[in-house]
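> So that we are looking at the same thing, I have put the structure below in structure tokens.
Protein chains in written order, with the working numbering: chain X, 23 to 267; chain R, 23 to 267; chain S, 23 to 267; chain P, 23 to 267.
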């Protein structure tokens with residue numbers, strides 16, 4: 023059983039009627055619902071307004087994959103919470119950052135760059151292309167799929183070169199974007215997935231749901247352990263390696 | 023002085039009037055001309071119909087950067103010629119493969135994959151985006167530039183993950199393509215650049231010329247040497263490493 | 023069930039008494055035996071002296087993971103056999119190349135470089151270190167393990183930068199070597215593993231067996247399909263993509 | 023002229039007689055001296071005890087390459103100083119982190135991982151091997167060079183996979199270490215180089231000096247600019263891209 027925690031800023035869906043109409047209970051609820059249909063996945067949710075953002079070391083210790091959506095209120099996430107998430111990923115927890123979470127504190131801390139990009143809200147059509155057809159995350163996705171409307175994200179996207187680039191988006195306004203980026207950091211796997219503007223029903227699109235579901239399976243850890251910085255004796259010493267620090 | 027050899031299949035420009043009108047002396051001549059305007063570059067050309075394709079070990083030994091364009095007649099390039107090119111690149115010679123050279127023998131031999139892609143001749147407009155603004159190859163290129171018409175190339179492009187992805191193309195028909203891909207193989211640098219369909223005057227576009235010129239400077243070797251497979255003595259041996267094989 | 027084919031040159035074990043004493047039925051038999059103990063693995067073997075090297079398209083179509091050991095007789099493997107192996111890997115078949123298979127035809131064709139290295143037969147002790155403790159291939163391996171004697175392989179090892187470097191070896195003579203290298207090429211996964219000199223009982227070492235067994239599971243395909251080079255219509259065309267080439 | 027700033031914690035050299043004997047004016051002085059012999063390099067130094075650590079935005083704006091050595095007092099570097107360094111690197115400033123700077127705040131912030139490693143002070147001999155003989159940073163270095171004594175650093179070194187691995191160290195105690203690691207982050211280049219324990223005269227070794235000097239040339243920026251996160255109009259808009267954010 024893969025234990026997923028879907029974290030959402032949950033601000034737009036309460037503040038704006040048009041967005042509330044799309045995701046009445048918050049987009050985290052929509053994501054939780056389609057993931058719950060997978061028998062191997064168990065889902066909880068947390069939001070910015072929960073106590074300590076709904077994040078604690080104990081909660082993360084019991085989370086295999088954290089999904090994160092945030093946008094306008096990244097700064098309200100305490101540094102301490104971002105650190106907990108970062109440490110959990112380095113120990114092995116999987117993480118999926120959606121859309122505007124490119125600017126979330128834990129994503130930026132894990133990648134080390136500004137994660138800036140170019141953007142425009144103009145109802146562009148986006149065609150997402152599969153770059154790696156054999157990758158488990160693009161399983162059952164055809165050569166491409168189309169989103170009638172998405173917020174336009176454009177290059178340069180200031181990220182480290184992805185360990186694996188899985189999807190590239192073509193926007194009708196002329197832009198391109200590295201829309202599916204996979205990283206390994208410490209023991210953890212990180213997937214960034216660009217679709218998911220709050221003003222469109224993107225998380226109801228079957229291919230978007232499949233990719234997130236596939237990603238949950240892919241980034242779920244098979245190994246989770248803190249890698250320390252041990253002082254050691256020689257390997258010939260019969261007592262072997264002794265962690266003194 | 024960087025010694026460049028521009029190799030062209032030189033078939034379309036002789037066989038088809040419409041293409042001859044664009045490149046009367048062959049597209050290699052157009053490329054050679056704009057490169058020659060760079061005082062640090064010295065250019066020669068060679069074509070398929072030249073003796074031994076205009077390629078020999080001696081010629082390659084005196085070439086710093088080889089530029090290759092081919093399309094319909096890849097199979098007429100002898101395996102031996104492709105091997106000479108491959109060996110020269112592994113020793114340190116720079117190589118730039120243009121457009122349909124994705125299927126040329128030396129490119130496929132150096133990368134090891136099929137280098138297949140999806141394609142369409144439909145006069146799409148292509149917008150090329152700079153992914154790495156600080157890279158020497160994209161020097162002086164704005165965020166993007168546009169080709170009014172190019173042959174459409176689409177993903178999946180079956181190549182190894184590039185060491186550095188520099189450009190991505192957006193086609194008006196909806197496709198995307200990894201249009202500027204950099205590799206290091208052995209001591210050599212390899213740049214693949216997608217624009218350059220023979221039916222359009224792509225090689226006359228200033229940004230295309232700048233990128234090829236920048237690439238010549240970037241892939242030109244600072245070190246060139248065959249890396250052998252030596253049998254060695256121990257490093258403590260006073261005679262040091264002895265190459266016996 | 024993962025269908026494994028263990029391919030061995032099977033020359034030393036017949037020609038030299040000392041080696042025959044270690045692997046009386048050939049090292050492929052030793053490898054096949056320990057893999058067969060895994061209930062999810064089904065093993066066959068093939069050798070250079072079999073008809074067509076024991077390789078055909080049909081055999082590879084029914085192979086999930088090919089393990090390859092060769093040394094002195096790489097050149098006796100027909101180019102056509104190497105091509106079949108290469109194509110099968112690009113379609114998705116997993117491949118594990120052991121020790122001196124760094125110079126085998128299919129490995130060199132898949133990687134595109136000379137795959138040269140530095141070497142010495144001096145009974146060095148090798149300590150192999152795990153670089154990525156969370157990777158499935160190093161599962162259950164401690165921080166390091168020791169081989170009392172191995173043929174010394176040294177850098178530079180002329181390979182493309184591995185997609186993932188899993189193990190580095192320390193030789194008592196002073197050398198280092200990238201001993202576990204993972205690549206993705208086309209739809210296939212390729213693992214190179216350095217230990218396995220025929221003159222030492224390396225394939226009887228538990229950690230070596232664990233790593234090969236783990237690698238079989240890791241490189242086994244979840245997707246296998248030839249990626250062609252299709253001519254396509256526009257994505258807006260109601261007939262969609264048509265493969266005409 | 024490449025403007026280098028050598029930053030040193032400068033603690034051991036004042037606190038311990040044995041270390042003071044090796045580097046009477048601090049190891050930054052030794053580094054500054056050998057770099058100053060290069061006519062294309064201009065060197066300044068800064069230390070932890072300087073006002074604001076000798077770091078300000080203005081100082082960094084006038085620095086092409088920052089070299090950083092720290093060990094026991096990483097925590098005394100203010101977060102604000104680490105942020106300034108990180109931002110400068112992302113804009114294009116080159117950075118070289120030496121030895122125990124693997125745990126410095128700016129290095130960890132740029133890479134995003136713990137950068138933990140295994141270590142031992144036992145006067146091991148280290149042999150450093152060149153993995154990429156054609157790289158400008160290993161220019162004029164033979165296949166390997168030896169340090170009679172170095173602090174032992176061992177794997178796993180918890181870093182992102184380097185964009186390029188240039189050197190691997192072999193320690194006489196049996197360990198290995200990725201001793202020369204190159205990264206590109208934002209517009210900046212980062213080189214991590216492992217040798218440099220304060221208790222040994224490592225920075226007086228010619229090969230160590232050559233590698234640091236070569237690295238200064240290699241990571242010096244050719245382009246330096248902050249990459250923002252602009253709101254843009256469509257590319258067809260005659261007014262082009264407008265940065266509104």
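Yeah, the Cβ is synthetic: ideal placement off N, Cα and C, and Gly gets one too.
#1: Is the beta carbon of residue 96 (chain P) closer than 7 Å to that of residue 125 (chain P)?
#2: At least one CB of chain X closer than 7 Å to the CB of residue 208 (chain R): is that the case?
#3: Going along chain X in order, which residues have a C-beta closer than 8 Å to the C-beta of residue 136 (chain P)?
#4: Could you pull out every unbroken beta strand (DSSP E) segment of at least 3 residues lying fully inside the stretch 170–249 of chain P, listed in chain order?
#5: Would you say residue 87 (chain S) and residue 241 (chain S) are within 7 Å of each other, going by their C-beta atoms?
#6: Could you name each continuous beta strand (DSSP E) segment of 3 residues or more that falls completely within the stretch 147–172 of chain X, going from the start of the chain to the end?
#7: Would you call the CB atoms of residue 200 (chain X) and residue 179 (chain X) closer than 7 Å?
#8: Taking C-beta pairs closer than 9 Å, name the residues in chain X that residue 186 (chain R) reaches, listed in chain order.
#9: Looking at residue 173 (chain S) and residue 219 (chain S), is the spacing between their C-beta atoms short of 7 Å?
#10: At the level of alpha carbons, what is the spacing between residue 185 (chain R) and residue 46 (chain X)?
#11: Across the stretch 243–251 of chain S and the stretch 138–150 of chain S, are there enough close Cβ pairs to call them in contact, namely three or more that are closer than 8 Å?
#12: Going along chain C, which residues have a C-beta under 7 Å from residue 196 (chain X)?
#13: Mind checking whether residue 106 (chain P) and residue 136 (chain X) have CB atoms under 7 Å apart?
#14: Kindly list the residues whose CB is nearer than 7 Å to the CB of residue 68 (chain P), restricted to its own chain and excluding five residues on each side of it in sequence; keep chain order.
#15: So what's residue 68 (chain R) in DSSP terms, helix, strand or just coil?
#16: For residue 183 (chain R), count neighbouring C-beta atoms within 10 Å of its own C-beta (all shown protein chains included) and say buried if the count is 16 or more, exposed if not.
#17: For residue 73 (chain R), count the other beta carbons within 10 Å of its own beta carbon; 16 or more makes it buried, fewer makes it exposed. Which is it?
#18: Could you give the uninterrupted runs of the beta strand (DSSP E) lying entirely in the stretch 102–138 of chain R, keeping only those of 3 residues or more?
#19: What is the residue span of the beta strand (DSSP E) that residue 81 (chain P) lies within?
#20: Cα-Cα, which of P:256, P:92 and P:117 is closest to residue 211 (chain P)?
#21: For my contact list, residue 235 (chain S) and residue 57 (chain S) are in at a C-beta cut-off of 8 Å; report their separation, rounded to the angstrom.
#22: Closest to residue 63 (chain R) by CA distance: which of R:108, R:168, R:23 and R:141 is it?
#23: Start and end of the beta strand (DSSP E) containing residue 89 (chain S)?
#24: What residue range does the beta strand (DSSP E) around residue 257 (chain P) cover?
#25: If I follow the unbroken beta strand (DSSP E) through residue 27 (chain R), where does it start and stop?
#26: Can you find a CB in chain X that lies within less than 7 Å of the CB of residue 141 (chain P)?
#27: Touch check for the stretch 157–164 of chain P and the stretch 154–162 of chain R: three-plus C-beta pairs under 8 Å?
#28: So is residue 118 (chain S) in contact with chain R if we call contact Cβ pairs under 7 Å?
#29: Please list, in chain order, all residues of the same chain as residue 138 (chain R) whose beta carbon is under 6 Å from its beta carbon, the five residues on each side excluded.
#30: Using C-beta distances below 6 Å, list every residue in its chain close to residue 108 (chain S), excluding the 5 sequence neighbours before and after it, in chain order.
#31: Can you tell me the Cβ-Cβ gap for residue 190 (chain R) and residue 229 (chain X), rounded? I've got them flagged as a contact below 8 Å.
#32: Report the residue from X:170, X:85 and X:37 whose alpha carbon sits nearest the alpha carbon of residue 223 (chain X).
#33: In chain order, what residues of the same chain have a beta carbon less than 8 Å from the beta carbon of residue 37 (chain X), not counting five sequence neighbours either side?
#34: Between which residues of its own chain and residue 198 (chain P) is the CB-CB distance below 8 Å, once the five residues before and five after are set aside?
#35: Going along the chain, which residues of its own chain have a beta-carbon closer than 7 Å to the beta-carbon of residue 65 (chain R), five neighbours each way excluded?
Here's the rundown:
#1: The residue you call residue 125 (chain P) lines up with position 103 of the fourth chain. The residue you call residue 96 (chain P) lines up with position 74 of the fourth chain. A contact, by the Cβ cut-off of 7 Å.
#2: On the second chain, residue 208 (chain R) is found 186 positions in, with the first residue counted as 1. It does not: the Cβ of residue 208 (chain R) has no partner Cβ on chain X nearer than 7 Å.
#3: Counted from its first residue, the fourth chain places residue 136 (chain P) at position 114. 112, 208, 249 and 251, listed in chain order.
#4: Contiguous beta strand (DSSP E) elements confined to the stretch 170–249 of chain P occur at 186–193, 198–207 and 210–215, taking only those with 3 or more residues.
#5: Position 65 of the third chain holds residue 87 (chain S). Position 219 of the third chain holds residue 241 (chain S). Using a Cβ distance threshold of 7 Å, residue 87 (chain S) and residue 241 (chain S) count as a contacting pair.
#6: If you keep only unbroken beta strand (DSSP E) runs of at least 3 residues inside the stretch 147–172 of chain X, you get nothing at all.
#7: Counting from 1 along the first chain, the entry for residue 200 (chain X) is found at position 178. Counting from 1 along the first chain, the entry for residue 179 (chain X) is found at position 157. Between residue 200 (chain X) and residue 179 (chain X), the C-beta spacing is below 7 Å.
#8: Residue 186 (chain R) sits at position 164 when you count from the first residue of the second chain. Simply 183.
#9: What you label residue 219 (chain S) is simply residue 197 of the third chain in a count that begins at 1. What you label residue 173 (chain S) is simply residue 151 of the third chain in a count that begins at 1. Against a cut-off of 7 Å, the Cβ pair of residue 173 (chain S) and residue 219 (chain S) comes out as a contact.
#10: As a working note, residue 185 (chain R) is residue 163 in the second chain. As a working note, residue 46 (chain X) is residue 24 in the first chain. Rounded to the nearest angstrom, the two C-alpha atoms are 44 Å apart.
#11: Verdict: no, contact absent.
#12: Going by chain labels, chain C is absent from the structure shown, which instead holds the protein chains X, R, S and P.
#13: Position 84 of the fourth chain, counting from 1, holds the residue named residue 106 (chain P). Position 114 of the first chain, counting from 1, holds the residue named residue 136 (chain X). It is not a contact, given that the beta carbons lie outside the stated cut-off.
#14: Here the question's residue 68 (chain P) lines up with position 46 in the fourth chain. Excluding sequence neighbours, residue 68 (chain P) sits near 27, 29, 75, 76 and 77.
#15: Here residue 68 (chain R) is taken as the residue at index 46 of the second chain, counted from 1. Under the three-state reduction of DSSP, residue 68 (chain R) is assigned to strand.
#16: Along the second chain, one-based indexing puts residue 183 (chain R) at 161. Residue 183 (chain R) comes out buried.
#17: Here residue 73 (chain R) corresponds to residue number 51 of the second chain, with the count starting at 1. With fewer than 16 other Cβ atoms from the protein chains shown falling within 10 Å of its own Cβ, residue 73 (chain R) counts as exposed.
#18: Listed in chain order, they are 116–120.
#19: For the purposes of this step, residue 81 (chain P) is identified with residue 59 of the fourth chain, where counting begins at 1. Not the beta strand (DSSP E): residue 81 (chain P) falls in the alpha helix (DSSP H), residues 79–83.
#20: Taking the fourth chain and counting its residues from 1, one reaches residue 211 (chain P) at position 189. Nearest option by C-alpha distance: P:117.
#21: Along the third chain, one-based indexing puts residue 235 (chain S) at 213. Along the third chain, one-based indexing puts residue 57 (chain S) at 35. The Cβ separation is near 6 Å, so the contact holds.
#22: Translated into the one-based positions of the second chain, residue 63 (chain R) becomes position 41. Ranking the options by Cα distance to residue 63 (chain R), first place goes to R:23.
#23: The residue given as residue 89 (chain S) occupies position 67 in the third chain. If you look at residue 89 (chain S), you'll find it in the beta strand (DSSP E) that goes 87–91.
#24: Stepping through the fourth chain from its first residue, residue 257 (chain P) is reached at position 235. Per DSSP, residue 257 (chain P) lies in no beta strand (DSSP E) segment and is marked neither H nor E.
#25: Along the second chain, one-based indexing puts residue 27 (chain R) at 5. That run of the beta strand (DSSP E) goes 24–30.
#26: Start at 1 with the first residue of the fourth chain, and residue 141 (chain P) comes out as number 119. Closer than 7 Å: yes.
#27: Between the stretch 157–164 of chain P and the stretch 154–162 of chain R there are fewer than three inter-stretch CB-CB distances shorter than 8 Å, so the stretches are not counted as touching.
#28: Here residue 118 (chain S) corresponds to residue number 96 of the third chain, with the count starting at 1. Output row for residue 118 (chain S): interface = no.
#29: Position 116 of the second chain, counted from the first residue, corresponds to residue 138 (chain R). Once the five neighbours on either side are set aside, the close Cβ partners of residue 138 (chain R) are 180.
#30: Your numbering for residue 108 (chain S) matches position 86 in the third chain. Here the set comprises 128, 131 and 132.
#31: Here residue 190 (chain R) is taken as the residue at index 168 of the second chain, counted from 1. Here residue 229 (chain X) is taken as the residue at index 207 of the first chain, counted from 1. The pair is not a contact, with the Cβ atoms about 21 Å apart (cut-off 8 Å).
#32: Counting from one through the first chain, the residue named residue 223 (chain X) turns up at place 201. If we check each option's Cα against that of residue 223 (chain X), X:170 comes out closest.
#33: Residue 37 (chain X) sits at position 15 when you count from the first residue of the first chain. Close CB contacts of residue 37 (chain X) within its chain, under the 8 Å cut and outside five residues either way in sequence, are absent.
#34: Locating residue 198 (chain P) in the fourth chain gives position 176, where the first residue counts as 1. Counting only Cβ-Cβ distances below 8 Å, and skipping sequence neighbours, we find 176, 177, 190, 191 and 192.
#35: As a working mapping, residue 65 (chain R) is identified with position 43 in the second chain. Within the same chain, residue 65 (chain R) has close Cβ partners 26, 28, 54, 57 and 58.
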